[in-house]
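Q:
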Amino acid sequence: MSNAEQHLEHLAEMRSLMERSTRFLSLSGLSGVWAGLCALIGAAYHRMVTEAEYLNQYADVLVEKSEKASRHGFEVALVSTALTVLITVLAGGWFFTARKARQRGERVWDASSRRLLWALALPLMVGGIFCLALLYWGLVGLLAPATLVFYGLALFNGSKYTLRDVGSLGLLEIALGL
Numbered sequence: 008m009s010n011a012e013q014h015l016e017h018l019a020e021m022r023s024l025m026e027r028s029t030r031f032l033s034l035s036g037l038s039g040v041w042a043g044l045c046a047l048i049g050a051a052y053h054r055m056v057t058e059a060e061y062l063n064q065y066a067d068v069l070v071e072k073s074e075k076a077s078r079h080g081f082e083v084a085l086v087s088t089a090l091t092v093l094i095t096v097l098a099g100g101w102f103f104t105a106r107k108a109r110q111r112g113e114r115v116w117d118a119s120s121r122r123l124l125w126a127l128a129l130p131l132m133v134g135g136i137f138c139l140a141l142l143y144w145g146l147v148g149l150l151a152p153a154t155l156v157f158y159g160l161a162l163f164n165g166s167k168y169t170l171r172d173v174g175s176l177g178l179l180e181i182a183l184g185l
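According to this note's numbering, the sequence shown is numbered sequentially starting from 8.
#1: Whole-angstrom Cβ separation of Gly134 and Thr154, contact assumed at under 8 Å?
#2: Looking only at C-alpha atoms, which of Tyr52, Lys167, Ala42 sits nearest to Ser120?
#3: If you draw a straight line from the alpha carbon of Arg114 to that of Val83, how long is it in whole angstroms?
#4: Give the single residue among Ser38, Ala50, Leu162 whose Cα lies nearest to the Cα of Ala126.
#5: So Pro152 and Gly100 are in contact, right, with Cβ under 8 Å, and what is the actual spacing, rounded?
#6: Pick helix, strand or coil for Asp172, following the three-state DSSP scheme.
#7: Quick check: the Cα distance between Ala50 and Gln110, rounded to an integer number of angstroms?
#8: Helix, strand or coil: how does DSSP classify Ser87 here?
#9: If we ignore side chains and look at the alpha-carbon of each, how far apart do Leu141 and Glu180 end up?
#10: Ser35 and Thr104: beta carbons closer than 8 Å?
#11: Would you mind giving the Cβ-Cβ distance between Leu97 and Gly165, rounded to the nearest angstrom? I have them listed as a contact below 8 Å.
#12: Do you know whose CA, among Cys45, Leu85, Ala46, Gly39, lies nearest Glu58's CA?
#13: Going by C-alpha distance, which of Leu150, Phe157, Trp144 is nearest Leu131?
#14: Apart from the five residues on each side of it in sequence, which residues of its chain come closer than 6 Å, Cβ to Cβ, to Asp117?
#15: Can you give the Cα-Cα distance for Ser38 and Asn10, rounded to whole angstroms?
#16: With 16 as the cutoff for other CB atoms within 10 Å, does Val92 come out buried or exposed?
#17: Starting from Val156, trace the alpha helix (DSSP H) in both directions and tell me its first and last residue.
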């Protein structure tokens, strides 16, 4: 091997070490698939529950429900379904990411994963509070676009600490929400 090839090999190794120390590369693609699957199941479940409640509301004329009570039941069902989906997605995401990190011989919880978590958490928490405000004011139709926009912002913000494709996905989520 020539001297120039050795230098290039050392540079490639140094770049790899620097990238591993600054980027969280163990993020599993299955985590994203799991999140989408859980979201679809949660949406279908919520649709079935609220549709059945809506039909039952008009099936019995003798029982009168106020509009406010019906709206409150809808909100409780929506928030409980969303929390269940969130917990399931986080647990599955942790499982798939930890499994990939173990396969690669890396630690899951290090400085790069903490930076990624913080970059994702801030826009998601602000978006969650905003969505709760939308729900409080009865603007349910804006919940789906708002969640897409804030999720996209979180992905774009977190792309500095993981794969660049995550940033492109974030921009697509934002565009879809707008």
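For every residue, glycine included, the Cβ atom is placed at its ideal position computed from N, Cα and C.
Model, not experiment: these values are computed from the prediction.
A: The relevant details are as follows:
#1: The residue given as residue 134 occupies position 127 in the sequence shown. The residue given as residue 154 occupies position 147 in the sequence shown. So it is a contact: roughly 7 Å between Cβ atoms.
#2: The sequence position of residue 120 within the sequence shown is 113, counting from 1. Measuring from the Cα of Ser120, the nearest candidate turns out to be Lys167.
#3: Within the sequence shown, residue 114 is the residue found at index 107, counting from 1. Within the sequence shown, residue 83 is the residue found at index 76, counting from 1. Going from the Cα of Arg114 to the Cα of Val83 covers about 39 Å.
#4: In the sequence shown, the residue the question calls residue 126 occupies position 119. Nearest of Ser38, Ala50, Leu162 to Ala126, Cα basis: Leu162.
#5: For the purposes of this step, residue 152 is identified with residue 145 of the sequence shown, where counting begins at 1. For the purposes of this step, residue 100 is identified with residue 93 of the sequence shown, where counting begins at 1. The Cβ separation is near 23 Å, so there is no contact.
#6: On the sequence shown, position 165 is the one that residue 172 refers to. Helix, per DSSP.
#7: Walking along the sequence shown from the start, residue 50 turns up at place 43. Walking along the sequence shown from the start, residue 110 turns up at place 103. The alpha-carbon atoms of Ala50 and Gln110 are separated by roughly 33 Å.
#8: Within the sequence shown, residue 87 is the residue found at index 80, counting from 1. Reduced to three states, the DSSP call for Ser87 is helix.
#9: Reading the sequence shown from its first residue, position 134 is the one you call residue 141. Reading the sequence shown from its first residue, position 173 is the one you call residue 180. Computed Cα separation, rounded: 19 Å.
#10: As a first step, residue 35 must be located in the sequence shown, where it is residue number 28. As a first step, residue 104 must be located in the sequence shown, where it is residue number 97. It is a contact, given that the beta carbons lie within the stated cut-off.
#11: Along the sequence shown, one-based indexing puts residue 97 at 90. Along the sequence shown, one-based indexing puts residue 165 at 158. Contact flag wrong, Cβ pair sits at about 15 Å.
#12: Here residue 58 refers to the residue found at position 51 when the sequence shown is read from its first residue. Comparing Cα positions, the closest option is Leu85.
#13: Counting from 1 along the sequence shown, the entry for residue 131 is found at position 124. The shortest Cα separation from Leu131 among Leu150, Phe157, Trp144 belongs to Phe157.
#14: Counted from its first residue, the sequence shown places residue 117 at position 110. Same-chain partners within the cutoff: there are none.
#15: Along the sequence shown, one-based indexing puts residue 38 at 31. Along the sequence shown, one-based indexing puts residue 10 at 3. For Ser38 and Asn10, the distance between alpha carbons rounds to 43 Å.
#16: Translated into positions along the sequence shown, residue 92 becomes position 85. That one is buried.
#17: Counting from 1 along the sequence shown, the entry for residue 156 is found at position 149. Val156 -> alpha helix (DSSP H) spans 150 to 165.
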